[in-house]
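J.: Provided herewith is a single structure, encoded as structure tokens, for subsequent inquiry.
Numbering (UniProt numbering), first residue to last: 1 to 436.
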């Protein structure tokens, strides 16, 4: 009987969540991320992507591209977690087993679709998309096919706000014109190896002999990737559980015998592990390095830092600090970096804006200095509650004043009001208040 796997991906999730819970932002370019000197774009609405802005872009660069009506807000992961739970609650009502990839992405293999026709699958997915929009207010793109690989690529092709079901038996035809990078498991290195032998599309990869694929990409990897390129994918949909650790490692062609070379390699490996940390939408508190000696014995060392972070510079620096000098340890044939002690970044330090310091006052003054307003404790995007006007968020602050927009998910665009920044009726709100 025909097997059907679906892949669901919430469109521009972080930015869409902000537009949903802050209706004034609907239809406007919205960026989610840090605004400090090292801040990056964690999420970008489709309206902002039209100006060339992408996720993971440095915020300083994104700010230059953002039009005048654009808005930058800090991330609110508690809101995103709650909305993710709502969405997957809808999905599990019709597909009990989910393989969650992140807060906004999951695979499912609905039992009711076993042996179903193309038309039935299309109706099922369209109904699920409609339910998600009606019950949560969010937009999901869905792909469906005979396995996880086809379903994932189909949902990517369906974006934004779309649905694509690949008919059974047409998988190879569907994949053939796509670039090899469309396939999970093919990164820049594998792409370069394939390009070297003239393979640039999945159709060309599928046409390789198994011997050539193995010779180019390696034993198990080459065989599996070639098979996936033909459209065959029997991997099960399974509950992945909570991510405990992310890691990356490399076995070197020749043993590394000096510390400078080892540091350079570990910095590169740390970047690979960091990509997985970001993909898992987690922050880490412990850094672990693994070093395998020429004689195959392995040493691991770890360090736990004061607060969880996803700051690559900090994590990489800890990894380098843990290294052993090959001059003393001996030649290193393998090195690995892992990040553990993972948690959801509710209060990620990367997104915190430090309040400006108050200048000290000289003890000897000739005349009274003008009294400046104290630095604002409010920042754009903060959740607030007013004793009279209810739930809102900070649109702007400075010069002793704070402007608040009072609205939430079901309110529609709300009114903006300005208060003294120390107004006792104005207090910090719970991010979850905007979901009522």
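Every residue, glycine too, gets a C-beta built ideally from N, C-alpha and C.
Tell me which residue opens and which closes the beta strand (DSSP E) that residue 396 is part of.
T.: Start at 1 with the first residue of the chain shown, and residue 396 comes out as number 396. Taken as a continuous stretch (DSSP letters only), the beta strand (DSSP E) holding residue 396 covers 390-398.
J.: Please list the terminal residues of the continuous alpha helix (DSSP H) segment that includes residue 336.
T.: If you number the chain shown from 1, residue 336 lands on position 336. It is not in any alpha helix (DSSP H) - residue 336 instead sits in the beta strand (DSSP E) that spans 332-340.
J.: Compute the Euclidean distance between the alpha carbons of residue 218 and residue 205, then round it to the nearest angstrom.
T.: By 1-based counting over the chain shown, the position of residue 218 is 218. By 1-based counting over the chain shown, the position of residue 205 is 205. Taking the straight line from one Cα to the other gives about 14 Å.
J.: How would you label residue 54, buried or exposed, when you count the other beta carbons within 10 angstroms and need 16 or more for buried?
T.: The residue given as residue 54 occupies position 54 in the chain shown. Burial call: exposed.
J.: Rank 138, 99 and 316 by C-alpha distance to the C-alpha of residue 410 and give the top, closest one.
T.: Locating residue 410 in the chain shown gives position 410, where the first residue counts as 1. The shortest C-alpha separation from residue 410 is found at 138.
J.: Assign residue 20 to buried or exposed, taking buried as 16 or more other Cβ atoms, counted over all protein chains shown, within 10 Å of its Cβ.
T.: Taking the chain shown and counting its residues from 1, one reaches residue 20 at position 20. Buried, since its Cβ has 16 or more Cβ neighbours within 10 Å.
J.: Between residue 408 and residue 271, what straight-line distance do the alpha-carbon atoms span, to the nearest angstrom?
T.: In the chain shown, the residue the question calls residue 408 occupies position 408. In the chain shown, the residue the question calls residue 271 occupies position 271. Residue 408 and residue 271: Cα-Cα distance of roughly 38 Å.
J.: For residue 406, name the three-state secondary structure that DSSP assigns.
T.: For the purposes of this step, residue 406 is identified with residue 406 of the chain shown, where counting begins at 1. Residue 406 falls in the coil class under three-state DSSP.
J.: With DSSP collapsed to three states, give me the class of residue 281.
T.: As a working mapping, residue 281 is identified with position 281 in the chain shown. Coil at residue 281, not helix or strand.
J.: Please report the straight-line C-alpha distance between residue 4 and residue 382, rounded to a whole angstrom.
T.: Here residue 4 refers to the residue found at position 4 when the chain shown is read from its first residue. Here residue 382 refers to the residue found at position 382 when the chain shown is read from its first residue. Near 43 Å, if we compare the C-alpha coordinates of residue 382 and residue 4.
J.: Residue 266: buried (16+ other C-beta within 10 angstroms of its C-beta) or exposed?
T.: Working through the chain shown from its first residue, we reach residue 266 at position 266. Residue 266 should be labelled buried.
J.: Using a threshold of 7 Å, state whether the C-beta atoms of residue 142 and residue 131 are closer than that.
T.: Translated into the one-based positions of the chain shown, residue 142 becomes position 142. Translated into the one-based positions of the chain shown, residue 131 becomes position 131. Taking 7 Å as the Cβ cut-off, residue 142 and residue 131 do not qualify as a contacting pair.
J.: Mind checking whether residue 392 and residue 405 have CB atoms under 7 Å apart?
T.: Locating residue 392 in the chain shown gives position 392, where the first residue counts as 1. Locating residue 405 in the chain shown gives position 405, where the first residue counts as 1. Cβ atoms of residue 392 and residue 405: closer than 7 Å.
J.: Would you call residue 427 buried or exposed, if buried means 16 or more other Cβ atoms sit within 10 Å of its Cβ?
T.: Taking the chain shown and counting its residues from 1, one reaches residue 427 at position 427. It counts as exposed.
J.: Taking the CB atoms as reference points, tell me whether residue 163 and residue 125 lie closer together than 7 Å.
T.: One-based indexing of the chain shown puts residue 163 at position 163. One-based indexing of the chain shown puts residue 125 at position 125. In contact: residue 163 and residue 125 (Cβ atoms closer than 7 Å).
J.: Could you tell me the distance, in whole angstroms, from the CA atom of residue 17 to the CA atom of residue 263?
T.: In the chain shown, the residue the question calls residue 17 occupies position 17. In the chain shown, the residue the question calls residue 263 occupies position 263. The alpha-carbon atoms of residue 17 and residue 263 are separated by roughly 40 Å.
J.: In the DSSP output, which residue or residues are listed as bridge partners for residue 179?
T.: The sequence position of residue 179 within the chain shown is 179, counting from 1. Residue 179 pairs with 201.
J.: Counting only runs of 4+ residues fully inside the segment 115-164, write out the alpha helix (DSSP H) ranges in chain order.
T.: Whole alpha helix (DSSP H) segments, 4+ residues: 118-136 and 148-158.
J.: Can you tell which of 46, 230, 394 and 435 has its C-alpha closest to the C-alpha of residue 418?
T.: Taking the chain shown and counting its residues from 1, one reaches residue 418 at position 418. It is 394.
J.: Throw me the rounded Cβ distance for the residue 240 and residue 99 pair, which I believe falls under 8 Å.
T.: Working through the chain shown from its first residue, we reach residue 240 at position 240. Working through the chain shown from its first residue, we reach residue 99 at position 99. Between residue 99 and residue 240 the Cβ distance is about 6 Å, and since that is below 8 Å, they are a contact.
J.: By DSSP's criteria, residue 418 is part of a beta bridge. Which residues make up the other side?
T.: Here residue 418 refers to the residue found at position 418 when the chain shown is read from its first residue. Bridge partners of residue 418: 403.
J.: From the DSSP output, in three-state form, read off residue 66 for me.
T.: Taking the first residue of the chain shown as position 1, residue 66 is located at position 66. Here residue 66 sits in coil by DSSP.
J.: From this set, 173, 11 and 107, which residue's C-alpha is nearest residue 133's C-alpha?
T.: As a working mapping, residue 133 is identified with position 133 in the chain shown. Per the Cα distances, 11.
J.: Tell me, please, whether the segment 34-45 touches the segment 70-86 by the rule of three or more beta-carbon pairs shorter than 8 Å.
T.: A contact exists between the segment 34-45 and the segment 70-86.
J.: Is any heavy atom of the ligand FMN found at a distance shorter than 6 Å from the C-beta of residue 87?
T.: No copy of the ligand FMN occurs in the structure displayed, which carries no ligand at all.
J.: Please classify residue 64: is it buried, with 16 or more other beta-carbons within 10 angstroms of its beta-carbon, or exposed?
T.: Along the chain shown, read from residue 1 onward, the residue named residue 64 stands at position 64. Classification for residue 64: exposed.
J.: Using a C-beta cutoff of 7 Å, does residue 301 count as contacting chain D?
T.: The displayed structure is made up of one protein chain only, and chain D is not part of it.
J.: Should the segment 312-320 be regarded as contacting the segment 235-254, the criterion being three or more beta carbon pairs within less than 8 Å?
T.: Contact fails: fewer than three Cβ-Cβ distances are below 8 Å.
J.: From 176, 436 and 51, pick the residue whose C-alpha is nearest to that of residue 412; which is it?
T.: On the chain shown, residue 412 is found 412 positions in, with the first residue counted as 1. Answer by Cα proximity: 436.
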